[in-house]
Structure formats: structure tokens, C-alpha cells
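Which chain is which? The protein sequence lines are A and B, in order. Under this note's numbering, the first residue of the first sequence carries the number 1, and numbering increases by one thereafter. Under this note's numbering, the first residue of the second sequence carries the number 429, and numbering increases by one thereafter. Note that CB positions come from ideal geometry on N, CA and C, so glycine has one too. The structure appears below as C-alpha cells.
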Amino acid sequence: MTGRPRGTATGALSRRRLLGAAGAGALAVGAAGVGGFAYGNDSEEPAHGVDRATYPFHGRHQAGITTPAQDRLHFASFDVTTDSRQQLVALLREWTAAARQMTAGAPVGGDAPTSYDAPPTDTGEALGLDASGLTLTFGFGPSLFAKDGTDRFGLRDKQPAALRELPHFPADKLDPRRSNGDLCVQACAHDPQVAVHAIRNLARIGFGTVAMRWAQLGFGRTSSTSTRQATPRNLLGFKDGTANLKAEDPKSLEEFVWVQEADDADATWLTGGSYLVARRINMHVEPWDRASLREQEALIGRDRGEGAPLSGGTEFTEPDFDLQGRDGPLIATDAHVRLAHPTRNKGVHMLRRGYNFTDGSDVLGRLDAGLFFIAFVRDPDVHYIPMQTRLSSQDALMEYLQHTGSGLFAVPPGVTSTSGFIGEGLFA
Amino acid sequence: MNRVLTAACAAAVLATSSACSLTESNSTPAAKGAGTITVESSDKACDLSASQAPSGNVVFKVKNTGSKVTEFYLYAADGLRIVGEIENVGPGLSRDLVVHAAPGTYLATCKPGMTGQGIRSKFTVTGSGKTPAIEGVDQAGIDAATSQYAEYVRDQSQQLVAGTTKFTDAYKAGNDDEARTLFPRARIFWERIETVAESFGDLDPKMDLREADLEPGQKWTGWHRIEKDLWPPASGYRQLGTAERARFADDLLANTMVLHERVQSLDYTVDQIGNGSKGLLDEVAKGKITGEEDIWSHTDLHDFQGNVDGARVGFEGLKPLLEVKDPALAEQIATAFHKLQRLLDSYRRGDGFVSYDKVTEPQRKELSDAVNALAEPLSKMTGAITL
């Protein structure tokens, strides 16, 4: 999807236009066209702050993976509370319809007037706001397929072999109330109000079929998924995701992100999809801030200002892990960049799409903050679990980190028609 | 506190929605846009963008362009029967009226200043050919629903008086064990009609205020004052003496009698009953599920059951109407009531319930999920019926 902005995919009335004259005034300012721009999923990023960006909901892959990482996140995990497969499918259809509307900047339920005696179909807090680059990405957890040995919805035969609860990694301190779930939704947007509005409305639509299990807000992206984006910083103060997979490298995406038809004979429905790894990683920021710059850079393996590897060069220079200094390699043997680097992990890559978070402070007055790590991989058994096992046991940075939440979800391919729905292939 | 019914609105039955609109199915909205009429109501004119629309759901988007408060009515051809109305539209504001209209002739009417005959014009609804057969509910069905509900409230109020009398007698006599047993068993009648009781803004604070809700200098009386005395905190509390007990007990009973007297003359409209049902579930979602209601006695599940009982009676009374208007919604609500009740029943012990401090956090979440599963479709009932 290269090329230029297109008109919005749907004819739905935008939220801004609903507001009438005030909205019309705002529309006259800024870029051309009524109804805002639509950008391709893969490569174009709107100029920062252009909240009228829309990304198409339909496509071979779901949006929100190779889409240039938006600034804000609201991630939610749900438990299915019904035993009825029919009801579950009905919900996925309803969610798909709502996602079409919201990602186009339209209110849930469209513009149809409703009775004054009925609650409005849309909760309203995004009225007057544009789509803000909203993407909604849906995933299925292992417990959807089988829970306590029960084949809940007749899906067990279709459970991908790699879709299992992640193993316990050394030093994990997982909170069950921040882990796992039957379904997940990743809402990303440039405006946090738009992302929160999306999750809230999906949760509302889901009452009686699903119940919110846990949710996480992310206030700033920590990864770039396009070469057009600058590399952002995590809460340790360092650039994060320099070596990330990018939308401009479709060959690597096929190799490391998208599930291929031959990957799993029982789960061909997942072809064109991916796996979403979620990890809530708390950072002990107060002790970190008391660490010398020497220690900080040694732990990361990069310099703080530029983000260049300690072996020299600039941010995008490949690290030279063999280059020796006075007391051994310039990039320490237990430095994060070394242990996480593809060359040290059998050449595997992943597409990281994490967010900085803070949930206020804990009872001791410490910042409850860190990285909500999200990665999309083709096979977690190959592209995530081995690397995390090494990091959790060997990465010197772990002294400042604690994993407090976890989830693995299979992300089905995109919806390709206006009558289709998320996960249609699974329920076929 | 949820004042769904106000004393003033309960005093007289206003036919806010006519029998006609109540008894027709909601299905088949008009082709998108075809049935939408914009109305500009100024102080001197009532301008409609069209004088006719195809049958089905017709939407009037009314904007008050005048300086007075206005109203818009769609009357039947006789100019008397109201098919749909919106009231209290302030200057500059817009509001939508959605009506389900059968083919025929109507009178569209703006009433700037809210008085007089209003500014009327003929409005025609043409046959769209898509109007389904409408299964009617006669006025008798509506009357039955509203009068049954009024009867239910009076009956519960009667039982509340009886239960409160026994409870306060035991409490005054110092039979604390008996009083503790009677406390939740009398309160359940209150909880069943809580939204009606709360509509009396003078009585509710005297009878059901929680300690945490007190304003500075406010005198604390009623159920929860006595609750604390029967389940006193381990330290820092002085038990009430006989005279003080009598004062609080007599006050509660006297206020209960006043409530009972007042509900004798109350009538209810369909939307009041529907919103009351939803309001009772809101009470559960806000106060009972968290254990804030009966913080000393932990008898919250009795109150929970009372709210659910009251909500179900409201729903079941309206169900024949809803089944005409939106049978799928009626089915969804009925199923959700059933699931919630089954879950509540699993906490029954003897003729009562488990103490709420023994209900774990995951169990409370399960209850909360079941309440949400019911309250969400229930919130759509009134709109579905009155359309």
C-alpha cells in the first residue's frame, strides 16, 4: 500500500461532521478533502498531530501491526462469559461493525437517531474528535480454545500448536489479574481519548458475552514500525526498538511476523495473521535513576544520547560485539543489546510495538511504571520464548525490571469484505 | 441516590406516550434518510422540511430557533391523541423525536412557550409497503401493567411496615440477636421498591443514609444508624442506651408509615416502571456489589436480592409490551435475569445469604459481570417500549 491519501473507506458520517457548524469550521483548516485522509496500513505515517488520519480497517492483515506505531495505547483483555458459540460469533460480528465505524471516525451505531428515552448507542466522549489514526487489533487467547480441559466452543481442533500460555520465565512475578484472557483488543491512536473510547464501547457492546479481565493504558510509543518514524525512548531514558522490523521490509515481515499457510496444518485459519506477545514490565525507575551513566550504558550496550552501539558509529550502525576495549568487549557480554540482538538469537527478529506506561504510584510512593511490551511474531516458540528465556536469566538489565503481566494471543488475518468479521476463518 | 421518580411526576399520570405508539412494533426503520424531517420551531413559525414521509420510523429533528422554550407534538388526525412528543426544548437546542408511524394523516405541532394550541400543520405518512403486520397490545394490557406495578409497590410497602415494626420492637426490647436476624429481612421490602422510596427526597436521607454519606453537621438516623449499633465496631464506639434506641427506632417506623401512606396514591407510567427497573440494577452496581451498603452487618446480598426482585417485577409487568416491540431484547433480558438469579442463589444459606465479607473478590467480579450483563440490555427497555 504505497501511494497517496485516499478518501475514507466508509460513507459513514464522521463524528466531527455530526457536530455541524463547529466541525465544518475546523474542516476548512488543514489538509484537503472532506472526511479526512486514509493512509495505507504499511508505510505512510501522517505528519505528527494530524488527527484526521484514518487507517483502513479492511485488508489482508489486521491494522495496528505494521501501521506506523501511534502515540497512545489502550489494551484490553476479556474473558468470555457465555457457553454459546453462536453468541460469541454474534459478538465478533458486532465488534467488527463497531470497529469499522470507529476506525473511520464515526460514532458507534452510525448517525441513526435514537429515542430520547434510550441510552445513546455511542458513549459520546469522542464526538468532535477525528479518527486520530485509530486501529483496533483483535486476538484470541489459548483459553478460548480449551479451558480446564473443556472444549468450550468446538474450537479445540483448530488451536494452533504455538498458542499456549507463555512459560514461567526466571524472575517473573506475574499478577493473575494482569495476565492472559480469552480475547484481546489493542487500540492505538494519536489521541488517548479516542483509544479509550474504542475500548469502552467494545466492552459495553460485550456485556453479557464477555467481561473485561484486565486493561492497560500506554501513554507513549516505545517502538517505530516504519523507517519514517524517529526512534522513541523508553522510561529508562534510552532509545528503544532501533533494530525493530519495519513496514518497509515486507520480506522480513513474511519471514518473522506473518503466519504462513504451511506453518500449522490445524490452524490454516491463522494464515496471514500473527501472534501477539504482551508483557507488562515494571521498571524500578528510582534505583535506575541513581545508577551512573557508565552503568546505565553498560547495561544497555548503547550510548544514551545518540543510541549508537558502544562499539561505535551512529544509531543505526550494526553493533560489533567482538570489538575489544581495555577490559574486554566494548559491549559487555551481559548487555541487553547483545542478548537481544538477532545475531545472538539464531537470526530471529520480531516486530515490537510496545508502550511506556504508568499506573500512578504504588503504596510505597514508587512510580508504578515501565514498558508494556507488545511484539508480533510468526511463531512464539521460535521468535520469542528462546530469546526471553535468555534475557530473563542473563540480561544484567533484569536487576531493574520485573515482569508483572503476560499474555499470548493469536491474531487472525484481516477482514477483507464488508460482510466479513474478525475470526471468520476460525468459526467457519 | 437515584431519583428516577420524582414526587411531582408521580402525582399525576401524564400520557407521555400514547397507547398507539406503545402497541406497535419497532422493526423496519424507514429507508435511511427518507423518514428524517427537520423542524425549525421559532416563536412564530413551525417549519418542516417536508410535509410527508414513508411509514415506518419517522425522525423529526427539532431545533428551537426561537427565544422561548418550545415543544413538538405529532398528533393523530383528531388533534387530540398524541403519537409522539418532545418537551422542554430550550432556545437554541436541538432534539430528535423518533416515532413509529402508520400510514395516515397527522398534525405536526410546535408549541413555543409551551401553551395553547400551538402552530399546527398537516403531516402525511404514506404507505411504504414495508410496514409489517403489527401485533397489537390493547390499552387494557398497558393499564394492567401499570396498575399491577402500583399494587406491587403498595404490597411491598405494607410488608415493609410490618417487618420494620417487628424489627424495631426487638431492637427496643434489647433482643439484639433477633433484631440482627430481622434487619435484612425487613430491609428487603425497602430494597424492592427502593427507587420509589428514594423519589421522596425528604424521607430517603432520614431512613437510608449511610454514615459515609453524611454531610458535616447532618444528623444520622435510620436503618444504617441502627445497623451500626447492632454490629458495633470493635473499638471507639459507644453503644446506644434504651432511650436513644427508642428514639431512632420510633423515628424509622414513623417515617416508614409516612412512606406507606404516600405510595397509596402513586400511579406509574410505563417509562417510570422501566427506568425504575434499570435504576434498581444501578443501585446494585454502585453500592451493593462493593459492600458499601451494609458495611457493619455485611447483609448486602439480601439488599442485592431485593433490588433484583423489584427490577424483575417491573420487567415482567412490561414484558408483554416489550415482546411486541422488541422480542429479542425481551428474551435477552429474561435470560440475563435468570443467570443472575442462579448465581445469587448459590450464595443462599438457610433462609438467608452468605455474609458479604465472606464473598471473595473474584466472586464479587462474577456477580458484577452478571449485573452488567443484565443492566446493559435492561437500559434499552424503556426506549424500546416508548418508541
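Query: Three CB pairs or more closer than 8 Å across the segment 94 to 111 of chain A and the segment 173 to 181 of chain A; Result: no
Query: Buried/exposed call for H341 of chain A, threshold 16 Cβ in 10 Å; Result: buried
Query: Start-end ranges of the alpha helix (DSSP H) lying completely within the segment 685 to 710 of chain B, minimum 4 residues; Result: none
Query: Outcome for G181 of chain A when other beta-carbon atoms lying within 10 angstroms are tallied against a minimum of 16; Result: buried
Query: Contact the segment 744 to 754 of chain B vs the segment 677 to 690 of chain B: 3+ CB pairs below 8 Å; Result: no
Query: CB contact check: R770 of chain B to chain A, cutoff 8 Å; Result: no
Query: Close-in-space but distant-in-sequence residues of the same chain around D728 of chain B (CB under 6 Å, 5 per side omitted); Result: K716, G719, E721, D722 and Y784
Query: Nearest candidate by alpha-carbon position, reference S807 of chain B, set B:L771, B:G742, B:V782 and B:H766; Result: B:G742
Query: Selection from B:T596, B:D699, B:R620 and B:A677 that minimises the alpha carbon distance to G734 of chain B; Result: B:R620
Query: Integer Cβ distance of H403 of chain A from F169 of chain A, believed to fall under 8 Å; Result: 7 Å
Query: The segment 110 to 121 of chain A: positions lying closer than 8 Å to chain B by Cβ; Result: A112, P113, T114, S115, Y116, D117, A118 and P119
Query: C-beta atoms of K158 of chain A and D266 of chain A nearer than 8 Å; Result: yes
Query: Contact between the segment 488 to 504 of chain B and the segment 537 to 549 of chain B (3+ Cβ pairs under 8 Å); Result: yes
Query: Separation of G555 of chain B from T135 of chain A, as counted between CA atoms; Result: 43 Å
Query: Top-ranked residue by Cα proximity to V736 of chain B, from B:K767, B:A756 and B:L757; Result: B:K767
Query: Cβ of S807 of chain B within 8 Å of any chain A Cβ; Result: yes
Query: Within 8 Å of chain A by C-beta, residues of the segment 508 to 539 of chain B in sequence order; Result: I514, R523, D524, L525 and V526
Query: Contact set for T416 of chain A: own chain, Cβ-Cβ below 8 Å, skip 5 residues either direction; Result: H58, G59 and R60
Query: Proximal residues of chain A, C-beta to C-beta of T758 of chain B below 9 Å; Result: Correcting the residue type first, residue 758 of chain B is Ala in the shown sequence and not Thr. What A758 of chain B touches in chain A: nothing, since even the nearest Cβ is about 14 Å away.
Query: Short Cβ contact (8 Å threshold) for G220 of chain A with N356 of chain A; Result: yes
Query: Residues that DSSP places opposite P329 of chain A in a beta bridge; Result: A:Q324
Query: Span of the beta strand (DSSP E), counted from its first residue to its last, around E468 of chain B; Result: T464 to S469
Query: Three-state secondary structure assigned by DSSP to L729 of chain B; Result: helix
Query: The segment 202 to 213 of chain A in contact with the segment 314 to 322 of chain A per 3-pair CB rule at 8 Å; Result: no
Query: Beta-carbon neighbours of L815 of chain B, restricted to chain A and to distances below 8 Å; Result: S115, D117 and A118
Query: Within chain A, partners of D816 of chain B - CB distance below 8 Å; Result: Limits of chain B in this structure are 429 at one end and 815 at the other, which puts residue 816 of chain B out of reach.
Query: Short CB-CB distance (under 8 Å) between T150 of chain A and chain B; Result: no
Query: Cβ of T810 of chain B within 8 Å of any chain A Cβ; Result: yes
Query: C-alpha distance - R378 of chain A paired with H528 of chain B, whole-angstrom precision; Result: 52 Å
Query: Contact list for V752 of chain B against chain A, beta-carbon separation under 7 Å; Result: Simply none; closest approach about 16 Å.
Query: Meets three-Cβ-pair contact criterion under 8 Å: the segment 663 to 677 of chain B and the segment 700 to 710 of chain B; Result: no
Query: Pair within 8 Å by beta-carbon distance, L821 of chain B and L795 of chain B; Result: For residue 821 of chain B there is no data in the structure shown, the boundaries of chain B being 429 and 815.
Query: Bridge partners - S252 of chain A, DSSP secondary structure assignment; Result: Paired residues: none, contrary to the question.
Query: Close-in-space but distant-in-sequence residues of the same chain around V526 of chain B (CB under 7 Å, 5 per side omitted); Result: N485, V487 and L815
Query: Residues sharing a beta bridge with S406 of chain A, DSSP; Result: A:R279
Query: Neighbourhood of F421 of chain A by C-beta, 6 Å cutoff - its chain only, sequence neighbours within 5 removed; Result: L92, R93 and T96
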